[in-house]
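Enquirer: Just so you know, the protein sequences line up as chains A and P, in that order.
According to the working numbering, the first sequence is numbered sequentially starting from 7.
According to the working numbering, the second sequence is numbered sequentially starting from 15.
Note that the Cβ used here is the ideal one computed from N, Cα and C, for glycine as well.
In this text the structure is predicted, and so the values were computed from the model without any measurement.
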Amino acid sequence: MRRYFGRKLLVYGLTFLVAVTVNWMIPRFMPGDPVQSMIARANVSQPAAVEAMRAHYTSLFGFDLPLWKQYANFWAALFRGDLGISVWLFPTPVTDVIVRAVPYTLALLVPAILLSWWAGNRFGAFAARRRWLENTALPVGYVLTATPYMWLAILMAWGLGVVAGIFPVAGGYGFALRPGWSAEFLGSLALHWVLPFLSLFLVAFGGWAIGMRNMIIYELEADYANYLAALGAPRRLIRRYAFRNAVLPQITGLALQLGVLVAGALVTEIVFSYPGLGHLILQAIQNQDFFLLQGTFLFIVVGVLIANFVIDVVYVLVDPRIRTGMGGEAA
Amino acid sequence: MALRVNDLRVHYRTLKGEVKALDGVTFEVGDGEILGLAGESGCGKTTLGKSLIRMDGRMRHAGGTAELDGAELPIGDDRAMDRFRFREVSIIPQYAMSAMNPTRKIGRMVDELLRARGAEPDGAELRRRLDLVELPHTVLERYPIELSGGMKQRMVMVISTLLDPSLLIADEITSALDVSTQKAVARTLTEFRERGFVRSMVFITHDISLTYQIADTIMVMYAGKLAEKAPADTIVTRPRHPYTRLLISSLPEVGVRYSDRRLSGIPGSPPALLDPPAGCRFRDRCPLAFDRCAEEPPAVEVAPGHHVSCWRS
Ligand SMILES: Nc1ncnc2c1ncn2[C@@H]1O[C@H](COP(=O)(O)OP(=O)(O)OP(=O)(O)O)[C@@H](O)[C@H]1O
Ligand code: SF4
Ligand SMILES: [Mg+2]
Numbered sequence: 007m008r009r010y011f012g013r014k015l016l017v018y019g020l021t022f023l024v025a026v027t028v029n030w031m032i033p034r035f036m037p038g039d040p041v042q043s044m045i046a047r048a049n050v051s052q053p054a055a056v057e058a059m060r061a062h063y064t065s066l067f068g069f070d071l072p073l074w075k076q077y078a079n080f081w082a083a084l085f086r087g088d089l090g091i092s093v094w095l096f097p098t099p100v101t102d103v104i105v106r107a108v109p110y111t112l113a114l115l116v117p118a119i120l121l122s123w124w125a126g127n128r129f130g131a132f133a134a135r136r137r138w139l140e141n142t143a144l145p146v147g148y149v150l151t152a153t154p155y156m157w158l159a160i161l162m163a164w165g166l167g168v169v170a171g172i173f174p175v176a177g178g179y180g181f182a183l184r185p186g187w188s189a190e191f192l193g194s195l196a197l198h199w200v201l202p203f204l205s206l207f208l209v210a211f212g213g214w215a216i217g218m219r220n221m222i223i224y225e226l227e228a229d230y231a232n233y234l235a236a237l238g239a240p241r242r243l244i245r246r247y248a249f250r251n252a253v254l255p256q257i258t259g260l261a262l263q264l265g266v267l268v269a270g271a272l273v274t275e276i277v278f279s280y281p282g283l284g285h286l287i288l289q290a291i292q293n294q295d296f297f298l299l300q301g302t303f304l305f306i307v308v309g310v311l312i313a314n315f316v317i318d319v320v321y322v323l324v325d326p327r328i329r330t331g332m333g334g335e336a337a
Numbered sequence: 015m016a017l018r019v020n021d022l023r024v025h026y027r028t029l030k031g032e033v034k035a036l037d038g039v040t041f042e043v044g045d046g047e048i049l050g051l052a053g054e055s056g057c058g059k060t061t062l063g064k065s066l067i068r069m070d071g072r073m074r075h076a077g078g079t080a081e082l083d084g085a086e087l088p089i090g091d092d093r094a095m096d097r098f099r100f101r102e103v104s105i106i107p108q109y110a111m112s113a114m115n116p117t118r119k120i121g122r123m124v125d126e127l128l129r130a131r132g133a134e135p136d137g138a139e140l141r142r143r144l145d146l147v148e149l150p151h152t153v154l155e156r157y158p159i160e161l162s163g164g165m166k167q168r169m170v171m172v173i174s175t176l177l178d179p180s181l182l183i184a185d186e187i188t189s190a191l192d193v194s195t196q197k198a199v200a201r202t203l204t205e206f207r208e209r210g211f212v213r214s215m216v217f218i219t220h221d222i223s224l225t226y227q228i229a230d231t232i233m234v235m236y237a238g239k240l241a242e243k244a245p246a247d248t249i250v251t252r253p254r255h256p257y258t259r260l261l262i263s264s265l266p267e268v269g270v271r272y273s274d275r276r277l278s279g280i281p282g283s284p285p286a287l288l289d290p291p292a293g294c295r296f297r298d299r300c301p302l303a304f305d306r307c308a309e310e311p312p313a314v315e316v317a318p319g320h321h322v323s324c325w326r327s
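1) Could you list the residues in the stretch 132-166 of chain P with a C-beta less than 9 angstroms from some C-beta on chain A, going in chain order?
2) Quick check on residue 23(P): does DSSP put it in helix, strand or coil?
3) Quick one: what's got a C-beta closer than 7 angstroms to residue 297(A)'s C-beta in the same chain, skipping five residues either side?
4) In terms of alpha-carbon separation, which member of 48(P), 78(P), 162(P) and 51(P) lies closest to residue 20(P)?
5) Classify residue 119(P) as helix, strand or coil using the three-state DSSP reduction.
6) Excluding five sequence neighbours on each side, which residues of the same chain lie with their C-beta closer than 6 angstroms to the C-beta of residue 308(P)?
7) Tell me, please, whether the CB atom of residue 193(A) is closer than 9 angstroms to any CB atom in chain P?
8) Quick check: does the Cβ of residue 218(P) come within less than 8 angstroms of any heavy atom belonging to ligand 3?
9) Could you tell me which residues DSSP puts in a beta bridge with residue 51(P)?
10) Determine the closest residue to residue 134(A) out of 220(A), 208(A), 85(A) and 59(A), with distance taken between C-alpha atoms.
11) Span of the alpha helix (DSSP H) holding residue 186(P)?
12) How about residue 228(P) and residue 63(P): are their beta carbons less than 9 angstroms apart?
13) According to DSSP, residue 243(P) sits in a beta bridge with which residue or residues?
14) Comparing C-alpha positions only, which one of 259(P), 219(P) and 108(P) sits nearest to residue 299(P)?
15) Taking 9 angstroms as the cut-off, decide whether the C-beta atoms of residue 125(A) and residue 67(P) are in contact.
16) For residue 96(P), go through chain A and note every residue whose CB falls closer than 7 angstroms to its CB, in chain order.
17) Please tell me whether, using a cut-off of 8 angstroms, the distance from the CB of residue 186(P) to the nearest non-hydrogen atom of ligand 4 is below it.
18) Quick check: does the Cβ of residue 292(P) come within less than 8 angstroms of any heavy atom belonging to ligand 2?
19) The beta strand (DSSP E) spanning residue 41(P) covers which residue range?
20) What residues from chain P crowd round residue 325(A), counting only those whose CB sits closer than 8 angstroms?
21) Please compile the residues from chain P whose C-beta is within a distance smaller than 9 angstroms of the C-beta of residue 137(A).
22) Mind pulling the chain P residues with CB within less than 8 angstroms of residue 230(A)?
23) Output, in sequence order along the chain, the residues in the stretch 235-262 of chain A whose CB is closer than 7 angstroms to any CB in chain P.
24) Compute the distance between the beta-carbons of residue 284(P) and residue 56(P), then report whether it is under 9 angstroms.
25) Leaving aside the five residues before and after residue 174(A) along the sequence, list all residues of the same chain whose C-beta is less than 7 angstroms from its C-beta, in chain order.
26) Mind listing the chain A neighbours of residue 130(P)? Cutoff is C-beta to C-beta under 7 angstroms, in chain order.
27) Counting only Cβ pairs nearer than 7 angstroms, list the residues of chain P close to residue 233(A).
28) Which partner residues of residue 85(P) appear in the DSSP bridge assignment?
29) So, for residue 140(A): in the same chain, excluding its five sequence neighbours on each side, which residues have a beta-carbon less than 8 angstroms away from its beta-carbon?
30) Should residue 72(A) go down as buried or exposed, given a rule of 16 or more other Cβ atoms within 10 Å for buried?
31) For a contact meaning CB atoms closer than 8 angstroms, what does residue 72(P) contact in chain A?
32) Which residues count as close to ligand 2 when the rule is a CB under 5 angstroms from any of its heavy atoms, in chain order?
33) Check whether the Cβ of residue 111(A) lies closer than 8 angstroms to any heavy atom of ligand 3, and answer yes or no.
34) From this set, 112(P), 208(P), 73(P) and 159(P), which residue's C-alpha is nearest residue 231(A)'s C-alpha?
35) Where in the stretch 84-168 of chain A do unbroken runs of the alpha helix (DSSP H), each at least 4 residues long, occur, reported from the N-terminal end onward?
36) Say the cut is 8 angstroms; is the CB of residue 21(A) nearer than that to a heavy atom of ligand 3?
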C-alpha cells in the first residue's frame, strides 16, 4: 500500500514539476510583451516617462534577470503563494484574483461532475438491456455527448434564456447587486448558476450513461453472471453485482475525464460570462496578462492533480482486487 | 427415473440459419446414476447440458421434452426454469475459475445467493462440506482471486450442490486440471453422490477414460445425435457402434493410467450441423458404411440398457 501510494505521489510530483516549468516558459517565449501592453494602457506620450515606466515594470516583473534566476525566483515565489501581480487588474495580486474566481468555478464543476457521474451511471445501468429505453434514450445520449459544449451551451442560453426568458444568460449574479449574504443576492446567484450547470451536467451525463450501459452489458455476459443465472439467482442480484463491478472502471474514467470536464467548464464560463477561472483565462488572454494566465493554469493543474489523487485513493478503497493485490505485495 | 429426455431438439439461431446442435436425442438417467457424456468437439454435449438448466440467448428449444423426477422442465422458458435451478438441477460450469463474483467475499456471495433463492443459509452445513473438499473455512472470508485454481474449482463444486439438487451437470470441469487433480475432482463428485448431495449426474468430458472412472453409464454422441449408450463397462469392452469402437481403440489402455488421453485420431471431421446430410451422420467416416446408411439409423436397444444407432449393430 505504502509503495503504491509512494509511486503515485512521485508521478504526481513529477507531473507538477513539468507543469510548473512549462507554465513558466510559455509566457516568456510567447509573442507579445506584457510591459509594452501596460505602458500602452497607461497612455503616456512622453518618451522619458515611457522609459521610466518600462524600467520600473521590467524590474518589478523580474524580466531583467538571467533566465535561470527568473526560474528559481518563480519557484520561490510559488512556495510563498505569490503568483505575481495581475496586469489586467493592476495592482491586484494574481492570487487574490484567482481566489475570488475559484468559488464560482467550483460551484459549477463539483456538482456537475459528481451529479452527472452518479445520475449517468444509475441511468445507464437502468437502461442496459431494457429495449425500449435503449431505443429511445440511447440515441439522445449519443447526441448529447457528441455535441460540443459550446453548442449545447449556446442552444440552452438561447432556448431557456433568450426565448423562454426563464434564466439569465450572462454573469454570476445580477448586475445591479453587490455580493453579500442577502436573500436577493443569493437568489440571483442561484438563478445565474442554473444554465451553465445544466449544460455541463447534460453533456457529461450522456457520456457516463452510455459508458455505464456498455459496461453493464459486458458484466452481464461475464461468467459469474451466467453462473448466478444458471443457479436461478434473481435478475436483481445479478444486476446489483454487475453494477458494482461496472462502477469500478467508471471511477477510473472519472479520473481520465476530469481534465476534459474542467476544460468544458472553462468554455461554459466563457459562453455564459460566468465569473470563474475560465472567464479569467479569457480576460488574461485579451489583456496579455501573463501572470494571471500562468497563475490560473497552475491552479487548474494542481486542482486536477489533487482530484486525480483522491480518485486513486477511492479506487483502492472500493476495489478488493487492487487492495488484496497490494496486501500480497506488502507481505 | 430421475431424468427422462425425449427427442430433444435444440438449435442455435445464426445469420445463416439454424444450427441443429441437438437433433432429437432420447435417453434416461436413473436415480443415483452418473451418466458420462462423451464425443468429440462440437457434437452437442454442452448444448445438451445447457438445455437442461439454462439456454443462452441464441439457443431455441425446437422440440422434445425433458422430465425431471416426473415434472416436465420448461426448458424453453427462462423464467419458469428459475424454480428448478439450483434446487432441482444444478451445474458446475466449465469456467469455475471465473464463476464467482470477483468483488464479493465468497461467504457473503453464497449468503446473498441463498437468500435470494429463499433458502436459509446453513453455516454449519456449509463448513462441513468445505471440510469434505479440504478447503479451510477461512475461504469464506476471502475474495475469489485469493484462491488457487483448484480451490476455486472445489468451492464452486460446493456452492453448486449446496441445495442438494436432484440432477447435477458437470461440463468439462476437469479439462483445465492436471491429472492428479482430475482424479481428486472425480472422487469428490462420486463422494457427493454417495452422501446424497446430488442424486444423479451428467458428467461431460472429451476424456473417455476419465469418464470410465466415475460414470455408471456412458453416452456417446455424434453430430447432435446419440450414437451409443450403455453401462460404462459395456461401452469400453464391447462397443457396438463403429464410432465408439474407433474412440475406444484410439485409447492405449482403457481407463487405467492414461487418463489425460484425449479423443483424437479418427480421420475426417463431423458434418456441419447447419444443414446436416440425411442418413447416418457418421457415414463419411465410417469404415463399415453401406447402402442402407443413406437412411437414418434409429436408436435400438440391442441389450438391456444398451442403445445403439447403427444399421450394423
Ligand atoms: N452460439 C452458437 N452459434 C452457432 N452454433 C453454435 C453455437 N454454439 C455451438 N454451436 C454449434 O453447436 C454444435 C454443438 O456445440 P457444443 O458446444 O454443444 O459442442 P460440445 O460437444 O460441447 O463441444 P466441445 O467438446 O468442444 O465443448 C457445434 O457444431 C457448434 O458449432
Ligand atoms: S449406420 Fe452405417 S454409417 Fe452409420 S455408423 Fe452404422 S454402419 Fe456406419
Ligand atoms: Mg462443450
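Expert: Walking through what the data contain:
1) 156, 157, 158, 159 and 160
2) strand
3) 89, 90, 91, 92, 93 and 100
4) 78(P)
5) coil
6) 293
7) no
8) yes
9) 218(P) and 233(P)
10) 220(A)
11) Taken as a continuous stretch (DSSP letters only), residue 186(P) belongs to no alpha helix (DSSP H), as it is neither H nor E.
12) no
13) 233(P) and 321(P)
14) 259(P)
15) no
16) 238
17) Summarising the ligand content, the structure contains ligand 1, ligand 2 and ligand 3 and does not contain ligand 4.
18) no
19) 31-43
20) 117
21) By Cβ distance, chain P contributes nothing, its closest Cβ being about 13 angstroms from residue 137(A), past 9 angstroms.
22) 112, 113, 114, 115 and 116
23) 235, 236, 237, 238, 239, 240, 243, 247, 250 and 251
24) yes
25) 167, 197 and 198
26) 239, 240 and 243
27) 107 and 113
28) 82(P)
29) 133, 134 and 219
30) exposed
31) Result: empty, since nearest Cβ-Cβ is about 12 angstroms, beyond 8 angstroms.
32) 256(P), 294(P), 296(P), 297(P), 300(P), 302(P), 303(P), 307(P), 311(P), 324(P), 325(P) and 326(P)
33) no
34) 112(P)
35) 100-133, 137-152 and 155-162
36) no
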